Each structure stands twice: as C-alpha cells, then as structure tokens.
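Inspection log for the structure reproduced underneath, given as structure tokens.
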Amino acid sequence: MNKSIIKEITPLTPNDCFTIFSRVKKEFNFPLHFHDEYELNLILNAKGAKRIIGGHIDVISDYELVLVGPNIPHAWFTHECTTEITEITIQWHKDLFDDKFLSRNQLSFIKKLLEMSARGVSFPQEAIQLVLPRLQQLSQRSGFDSVLDLISLLHDLSTSRNIIALSDTSFLNSQSYNYNSRRLDKAFQYMNENYQKEISLIDIAKLVNMTEESFSRFIKKRTGNTFISSLNEIRLGHASRMLIDTTHSITEICYLCGFNNISNFNRLFKKKKGCTPKEFRENFSGVRVFV
C-alpha cells in the first residue's frame, strides 16, 4: 500500500459489532486512507466536494451514499463545496457477517453487495431517500435491535436498482472481486502479472484451455467486457497506481504498463477515468502522510 495513504485504526474493539458516528463540519480534512473494516458513508449538503474511491474520482451532489469495502483507499475533499456538511459513518468488522452466514438464500443479496464493495459502491438518489430516516435514527438505537436494523438496512440497499461499482478491480487487488470461475481467475492473474508485456487473445485462450472464440464469449458473458477491454482496464489500473506511487513521467508509465502508443494511452485513460493522466496525478498531489 502506498506510504502516502494512511492506514486508519478505527475505534472498533473485537467485542463490538459496528460503530456509527455523525457530525456536522465545514470541510473535509481527513487524508486519503484505508482500514480493515467495511464503511457505509452518508454525506449530506456537500455538493461540489470531491470523492476518491480506489482509482475512481468524482464530484458529488447534495446526497451521497457510498459503501467501501475493507482496505480500499478512499477520501472526500472539500474541493468546490462551500456549505456546512453533515456526515454519518457506519463501520463494521469484515468478519461480522462471515461466508457461512451469508451463504444462506435469504442473505444472497447482501453477500453480492459486500462482494461488490471491493470496488466501492455508490447508491442512487431513490435508494438514499428510502433509507435516509433509518440511517439518521440508527445512531440513537442500541443493543440487539441496532444490529437487526443494520442487517435490514443493508438488505434494502442490496436490492436497490442502478447501484454503481466505482473503481477498477485492478487498482485495488486482482483478487478483490470474485467472478466464481477458476478459468477467469487464472486469466486475470496472468494479465495482472504480465500486463507490461504483449498479451494476445490466443495466449490467454491457450492458458485456460479454450478456443479464442469460446474465451471471447466467456469473458464477455462473465464480466461484461471484451478481452481487450479487460486487459486495458488492468493496465490502466496499474498506470493509476504508478501515477500516484512513482515519479515516472506519463510517457514512461504508458510503456511500462504495456501500452505502445502515448496518444492511445491518454485517450483510453480519459475515457475510463474522466480526466487525463496529468489531471489524475494532480488530484492525488498534496496527500502526503507518513505512517
């Protein structure tokens, strides 16, 4: 993990289920950070603030609700926000709901949501309005009822439509998102370990003992992306890390990440990230915490 990103030690003890805290403030002042716990963050009245989740950067609106999985770098910055901000944060242990518990049929939606949170999850406005009163009241609850409230809240969020996964999986961890396929795991592992080299469809197809045509259909069906889009996403994820972690020039990073054309690299980066590599690097500048 990049040394300029602080590891937060949350106040949760092993005997706690979760913690919730609410505050009103004039600005965001906590640096880019990560922690072992899940975090559900509700932010009100912060239009114009900037949010970073993994490799994803966006400017938020008045209502913001995001679920962040364990050990994902994240932060909010004041940016163009000029209003008083309300923030409600819930954090819980990553083993509060273990795999055996989540494997029950009635909890399948929550399980999927928590798996998706490995990329950071943003909820639509209609979902926020639905759970807003319960989120605001949860800090006033205690004991067993509050645990039931949290489970109920997560279930309702997990069944929301138009949930958005934010960051590239490759920026975070190639194993952070499970496609439930050994062949895809093997393919993505190979691409993550060899992204700087020339990788062809036939190379990957042979690796997983499939024909090129079969693998093309397979990866598209399982991930929604073509082979080349998946490879480019992995390369852009590693490029994002290098833009933050190193002092290499953008041209050097382009070629170190397997791209052979700087114009194509810049075009793909802006299409995927919404900003140029130079702007992306500048967005992370100034965040320097030594742990």
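Just so we're aligned: 198 in my numbering is position 198 of the sequence shown, and the numbers increase by one with no gaps anywhere.
Ideal Cβ positions, reconstructed from N, Cα and C, are used throughout, including at glycine.
All figures in this text were calculated on a predicted structure; none of them were measured in a lab.
Annotation for residue 56: the continuous beta strand (DSSP E) segment containing it runs 56-59. Residue 203 and residue 260 have their alpha carbons spaced roughly 18 angstroms apart. Three or more beta-carbon pairs drawn from the segment 18-32 and the segment 82-89 are found closer than 8 angstroms, and the two stretches are therefore classed as touching. Two segments are said to touch when three or more pairs of C-beta atoms, one from each, lie closer than 8 angstroms; by this definition the segment 157-164 touches the segment 109-119. For residue 109, the enclosing alpha helix (DSSP H) has its first and last residue at 108-116. When C-beta atoms of the segment 193-210 are compared with those of the segment 256-272, three or more pairs fall below 8 angstroms, so the two segments count as touching.
As the crow flies, the alpha-carbon of residue 35 is around 10 angstroms from that of residue 91. A residue is called buried once 16 or more other Cβ atoms fall within 10 Å of its Cβ, and residue 182, having fewer, is exposed. Taken in chain order, the unbroken stretches of beta strand (DSSP E) that lie wholly in the segment 4-44 and span 3 residues or more are 18-25 and 38-44. For the options 186, 62, 70 and 100, the alpha carbon positioned closest to that of residue 83 is the one of 62.
Between residue 55 and residue 167, the C-beta gap is smaller than 8 angstroms, which places the two residues in contact. Rounded to the nearest angstrom, the gap between the Cα atoms of residue 19 and residue 8 is 14 angstroms. The Cβ atoms of residue 239 and residue 269 sit closer than 8 angstroms to each other. Closest in alpha carbon position to residue 115, among 69, 139 and 149, is 69. Annotated as proximal: residue 219 and residue 227, with beta-carbon spacing under 8 angstroms.
Distance between residue 125 and residue 60, taken at the CA atoms: about 12 angstroms. CA-CA distance, residue 50 to residue 66, rounds to 13 angstroms. About 7 angstroms separates the beta carbon of residue 57 from that of residue 275, a gap short enough to meet the 8 angstroms contact definition.
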